[in-house]
Amino acid sequence: GPLQSFLSGDLIPIFTNAWEALLAFFWQGFGDHFLAYNIPGRPVLEVATALFFLGGLVACLWRFRQPAYAFVLIWFGMGIIPSLITGPEANTTRNLAALAPTYILAAIGFMTGATLTTKRWGNPARITSAAILALWLFFAGLTTIVDYYIRWAQSPEVRAAYQHTLVESLNYLASQSPTKTTVISTVYPGPAHDPSIARVLLSDDTAGLRWVDARQAMIFPGGQAAQLILPSSTPLHPAFAALVQPVDTIDLRTDDLDPVFSSYDLLDQVWDSPDTPLNFGNALNLIGARWLDGSITPGETAELMTIWQVTDPANAGPVVPPAFETDMVLFTHVINETDDIIVQQDSLEAPSWDWQADDVFIQVHPITIPESVPPGLYETTVGIYDRSSGERLPLLNPAGEIVDNRAFVVPLSVNER
Numbered sequence: 168g169p170l171q172s173f174l175s176g177d178l179i180p181i182f183t184n185a186w187e188a189l190l191a192f193f194w195q196g197f198g199d200h201f202l203a204y205n206i207p208g209r210p211v212l213e214v215a216t217a218l219f220f221l222g223g224l225v226a227c228l229w230r231f232r233q234p235a236y237a238f239v240l241i242w243f244g245m246g247i248i249p250s251l252i253t254g255p256e257a258n259t260t261r262n263l264a265a266l267a268p269t270y271i272l273a274a275i276g277f278m279t280g281a282t283l284t285t286k287r288w289g290n291p292a293r294i295t296s297a298a299i300l301a302l303w304l305f306f307a308g309l310t311t312i313v314d315y316y317i318r319w320a321q322s323p324e325v326r327a328a329y330q331h332t333l334v335e336s337l338n339y340l341a342s343q344s345p346t347k348t349t350v351i352s353t354v355y356p357g358p359a360h361d362p363s364i365a366r367v368l369l370s371d372d373t374a375g376l377r378w379v380d381a382r383q384a385m386i387f388p389g390g391q392a393a394q395l396i397l398p399s400s401t402p403l404h405p406a407f408a409a410l411v412q413p414v415d416t417i418d419l420r421t422d423d424l425d426p427v428f429s430s431y432d433l434l435d436q437v438w439d440s441p442d443t444p445l446n447f448g449n450a451l452n453l454i455g456a457r458w459l460d461g462s463i464t465p466g467e468t469a470e471l472m473t474i475w476q477v478t479d480p481a482n483a484g485p486v487v488p489p490a491f492e493t494d495m496v497l498f499t500h501v502i503n504e505t506d507d508i509i510v511q512q513d514s515l516e517a518p519s520w521d522w523q524a525d526d527v528f529i530q531v532h533p534i535t536i537p538e539s540v541p542p543g544l545y546e547t548t549v550g551i552y553d554r555s556s557g558e559r560l561p562l563l564n565p566a567g568e569i570v571d572n573r574a575f576v577v578p579l580s581v582n583e584r
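So the sequence shown is numbered by our numbering: it starts at 168 and just counts up by one.
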């Protein structure tokens, strides 16, 4: 990084960052590009304030021997040190310590100009300065309102960054007072993202919410019927179409990146469990598996659908930071006769941190078969492991003895092209 380069004698990176960080205050295109905080590239100061800010810098440098002016410069310099090191990106938050001196410098620039002109031209200059001050404040206020309350706040990208569709979905649920557990589909079902947003907005009243990404998974809380909230960003996998019944569709703005969400009933199902379930670590049982397309040709994508029932989520791997929840991953391996992996897929869109006893979830594992794979029948294995350590849950027999760390399921038939 820039500090390491600086310590090794290369000053260019840190001076480049410093120059760009200073330009971010007044030059279009150099402002913070992180749209969650700013119109990308917009400088901190609009043009009028920027001119007075530069005048204030010059005035303070000219009068640096006077303690008050020196203090403002030192305050400003200390406040922007993080951006001087890292550059202008995300400087909206990194420069918070410099917020007050930035506008004090602009005020100094204005007052210096007003004082000098008044000394030279007297009362007419004083009246002109007052008019300029009023115009400056009006222009700065109007620009701020237009940029941040209209351009920035109404941008589809910003609305998406602040999870507007999720917020509206939660408002919809609050207005409906659902009697069944609600499953919310989202691109981010992990504990540190959308579920955390829900906890903030609903004041921790989220016990009746469950999380999934319906593009590849579905969960039935307690194995029972539920309500499903489905945004357009996570379209329902076709394999799940028979499991739901549409109830309502809510349209948001047409220019939103995620402009629609729908409410469905997750229909009650009869889960056929084998006489001897495949028990992984006394945490969950594999109760079903099938290929959605019985045969496939090289270059095509096969989809394995597995059905799992949670028995004891406390056994589902270690609790790991940063969310201090379990973080398990399902794996699917297609292997040849020598047990070599031809192709694999690792994912879990019904996250383990959200499991509860008796939950049933379905996972679709899309696997693209390489062009080089010859026709034949290939064994397929599945299992589950902890993402951080790679440690797999063991496959147990009815006596609780470890027999493997994977289960063989339906073989995949690869046909000639």
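Note that CB positions come from ideal geometry on N, CA and C, so glycine has one too. All values derive from a computational prediction rather than experimental measurement.
Original post:
Counting pairs of Cβ atoms below 8 Å between the stretch 283-291 and the stretch 168-186, do you hit three or more?
Top reply: Contact between the stretch 283-291 and the stretch 168-186 is absent: fewer than 3 CB-CB pairs across the two stretches fall below 8 Å.
Original post:
What residues in its chain sit with their C-beta under 6 Å from that of TYR355, if we drop five residues either side in the sequence?
Top reply: ASP361
**OP:** Check GLN512 in the structure and name its three-state DSSP category.
**Re:** strand
Subject >> Burial state of LEU376, where buried means 16 or more other Cβ atoms lie within 10 Å >> reply: Classification of LEU376: buried, given that the 10 Å Cβ count is 16 or more.
Original post:
Nearest to GLY567 by alpha carbon, out of ASN452, TRP522, PRO480, VAL510?
Top reply: ASN452
**OP:** Kindly indicate which three-state DSSP category ALA365 falls into: helix, strand or coil?
**Re:** ALA365: helix per DSSP, three-state reduction.
**OP:** Let me know the secondary structure DSSP gives ALA517 once reduced to three states.
**Re:** coil
**OP:** Within its chain, find whatever has a CB closer than 6 Å to the CB of ALA203; leave out the 5 residues flanking it on each side and keep chain order.
**Re:** ALA328
Subject >> Complete alpha helix (DSSP H) runs within the stretch 352-401 (minimum length 4 residues, chain order) >> reply: 361-368
Subject >> For ILE569, the residue or residues it bridges with in DSSP >> reply: LEU563
**OP:** Grab me the residues of ASN482's own chain with a C-beta within less than 7 Å of its C-beta, minus the 5 sequence neighbours each way, in chain order.
**Re:** GLY448, ASN449, ALA450
Subject >> Contact check, GLN394 vs LEU433, beta carbons under 8 Å >> reply: yes
Subject >> Classification of ALA301 by the beta-carbon crowding that lies within 10 angstroms, buried from 16 upward >> reply: exposed
**OP:** Have a look at LEU283 and ASP425 and give me their C-alpha separation to the nearest angstrom.
**Re:** 55 Å
Subject >> Unbroken alpha helix (DSSP H) run spanning THR152, endpoints >> reply: Absent from the structure is residue 152, since the part of the chain shown begins at 168 and ends at 584.
Subject >> Supposed close pair LEU562, VAL570 - CB separation, criterion 8 Å >> reply: A Cβ-Cβ separation of about 6 Å places LEU562 in contact with VAL570 under the 8 Å criterion.
Subject >> Cα-Cα separation between ILE474 and GLU335, rounded to whole angstroms >> reply: Note on geometry: alpha-carbon atoms of ILE474 and GLU335 lie some 31 Å from one another.
**OP:** Within 10 angstroms of the Cβ of MET245, are there 16 or more other Cβ atoms? Answer buried if so, exposed if not.
**Re:** exposed
Original post:
To the nearest angstrom, how far is it from the Cα of LEU272 to the Cα of ILE317?
Top reply: 28 Å
Original post:
So, are the CB atoms of THR499 and THR547 less than 8 Å apart?
Top reply: One thing to note: THR499 has its Cβ within 8 Å of the Cβ of THR547.
**OP:** Provide the residue(s) that pair with PRO537 in DSSP beta bridges, ordered along the chain.
**Re:** None, per the DSSP bridge assignment.
Subject >> HIS331 in three-state terms, based on DSSP >> reply: helix
**OP:** Could you say which of SER429, THR421, PHE219 lies nearest to PRO413 if we only look at CA atoms?
**Re:** SER429
**OP:** Determine the contact status of GLU470 and LEU459, defining contact as a CB-CB distance below 8 Å.
**Re:** Going by C-beta atoms, GLU470 is nearer than 8 Å to LEU459.
Original post:
Grouping DSSP H, G and I as helix and E and B as strand, with all else coil, what is GLY455?
Top reply: strand
Original post:
By how many angstroms is the C-alpha of PRO210 removed from the C-alpha of LEU309?
Top reply: 16 Å
Original post:
Just to confirm, are LEU403 and ALA381 a CB contact at a threshold of 8 Å?
Top reply: yes
Original post:
ASN205 lies in the beta strand (DSSP E); which residues open and close that run?
Top reply: Neither: ASN205 is in no beta strand (DSSP E) and is coded neither H nor E.
Original post:
Any contact of the stretch 188-205 with the stretch 254-270, i.e. 3+ C-beta pairs under 8 Å?
Top reply: yes
Original post:
What does DSSP give as the partner residues of THR473 in its beta bridges?
Top reply: ALA456, GLN530
Subject >> Contact under 8 Å by Cβ, TRP522 with GLU492 >> reply: no
Original post:
Could you give the C-beta distance for PHE219 and PHE277, rounded to a whole number, given that I count them as a contact under 8 Å?
Top reply: 5 Å
Subject >> Burial state of GLY223 (16 or more Cβ within 10 Å) >> reply: buried
**OP:** Report the rounded CA-to-CA distance for VAL576 versus TRP378, giving the unit in angstroms.
**Re:** 27 Å
**OP:** Tell me whether GLN343 is buried or exposed, calling it buried when 16 or more other Cβ atoms sit within 10 Å of its Cβ.
**Re:** exposed
**OP:** Could you tell me if LEU304 is buried or exposed, where buried requires 16 or more neighbouring beta carbons within 10 angstroms of its beta carbon?
**Re:** exposed
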